[in-house]
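The structure under discussion appears below in the form of structure tokens.
Residue numbers (this note's numbering): 38 to 175.
Pasting the structure below:
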């Protein structure tokens, strides 16, 4: 029984490493290998990223850190499962979170550079509203 538990722990560790490696190579593209959608909110460039990190918020934050270092002028909004993270090196992410939260039936908070939250709305049904808010065309 202990060997099965040890194997499971090792597999989880390996999976986390693989996810981290995959995310590290996809900073400017979505998981479908298309450019991540980008728009404007209050004169700030906002890029949306829909990821498959499961409920691993630590991995989501790690990816957010990579994005904000790679593109310091934009706010990056990362979605995975029911988690959302807004991050930026130079812009206040809280105003973006306050604007998108009602559209995704969510809430969140945090610092100027990174805030996080949870949402309840199906992301596919919220995308048209998010695109409208960020003046994006689909």
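Each residue gets a CB set at the ideal place from its N, CA and C atoms; glycine is no exception. Only a predicted model underlies this, so the values are computations on that prediction, with no experimental measurement involved.
* Asked: Does the beta-carbon of residue 172 have 16 or more other beta-carbons within 10 angstroms, so that it is buried, or is it exposed?
  -> Its Cβ having fewer than 16 others within 10 Å, residue 172 is exposed.
* **C-beta atoms of residue 143 and residue 121 nearer than 8 Å** => Going by C-beta atoms, residue 143 is nearer than 8 Å to residue 121.
* To do: Give me the Cβ distance between residue 130 and residue 109, rounded to the nearest whole Å; I'm assuming they're in contact under 8 Å.
  => 13 Å between Cβ atoms; not a contact.
* What is the DSSP secondary structure of residue 65, reduced to helix, strand or coil? -> Caution applies to residue 65, whose pLDDT of 46 falls short of 50 and renders its modelled position unreliable; the model cannot decide the point.
* Give the DSSP-derived three-state secondary structure of residue 72 in the structure shown. => strand
* Closest by CA to residue 163, which one among 72, 138, 92, 95? -> 138
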